[in-house]
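Working notes, structure below.
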Amino acid sequence: MAQSSDETVSGDFSLAPTHRDLDERPELSPEVIAAYAADAARSVPGVVALHAPLWKELSSRMREVPGAGVVVKDSRPGAVDLDIHVKVAWGVAIPDLAIAVEEAVRQRVTALLDIELDAVTLYVDEIEAPREVSSSKEG
Numbered sequence: 000m001a002q003s004s005d006e007t008v009s010g011d012f013s014l015a016p017t018h019r020d021l022d023e024r025p026e027l028s029p030e031v032i033a034a035y036a037a038d039a040a041r042s043v044p045g046v047v048a049l050h051a052p053l054w055k056e057l058s059s060r061m062r063e064v065p066g067a068g069v070v071v072k073d074s075r076p077g078a079v080d081l082d083i084h085v086k087v088a089w090g091v092a093i094p095d096l097a098i099a100v101e102e103a104v105r106q107r108v109t110a111l112l113d114i115e116l117d118a119v120t121l122y123v124d125e126i127e128a129p130r131e132v133s134s135s136k137e138g
């Protein structure tokens with residue numbers, strides 16, 4: 000009996016190759032997606048910190064919230080939108096920072112998680128104050 004090249008034999012059972020369908024993907028919690036996106040956003044130079052809503056900041060004092068500052072919204076099956084709230088360093092060009100954050104987040108999330116990203120929106124909630132230059136007195 001001839002077997003097709005798509006089947007393999009394991010013991011007495013003939014196994015067909017498995018194909019993953021969009022409906023068969025494992026469910027990812029928004030917290031997991033947010034944690035990966037937050038880690039990627041923090042890695043971009045110019046991002047001082049993620050800016051979480053006050054209630055998340057209070058809750059993080061009770062327990063660590065790795066994805067605080069990232070809001071995950073369903074956009075369509077198998078895809079999400081991300082809102083990333085940040086505090087940026089003084090003097091950073093925000094349009095350039097937005098592009099860098101989006102690229103870093105897209106690269107990390109799509110490479111490590113089996114999910115698509117539709118919109119990645121950066122919100123600058125705070126800008127770090129300039130550091131004071133110490134003046135030396137000559138004289």
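For the sequence shown, numbering that gives the first Met the number 0 assigns the number 0 to the initial residue and increments by one for each residue that follows. Here a beta-carbon is modelled for each residue, glycine too, at the ideal position from N, C-alpha and C.
Between A67 and L49, the C-beta gap is smaller than 8 Å, which places the two residues in contact. Residue burial is scored here from C-beta neighbours: A97 has at least 16 other C-beta atoms within 10 angstroms and is therefore classed as buried.
Residue range A78 to V87 is occupied by the beta strand (DSSP E) that includes I83. A99 carries a helical assignment under DSSP once its states are collapsed to helix, strand and coil. Just so you know, the alpha carbons of A39 and V100 end up roughly 8 Å apart. In the three-state reduction of the DSSP assignment, D73 falls in the strand class. For Q106, the closest of S28, L27 and I32 by C-alpha to C-alpha distance is I32.
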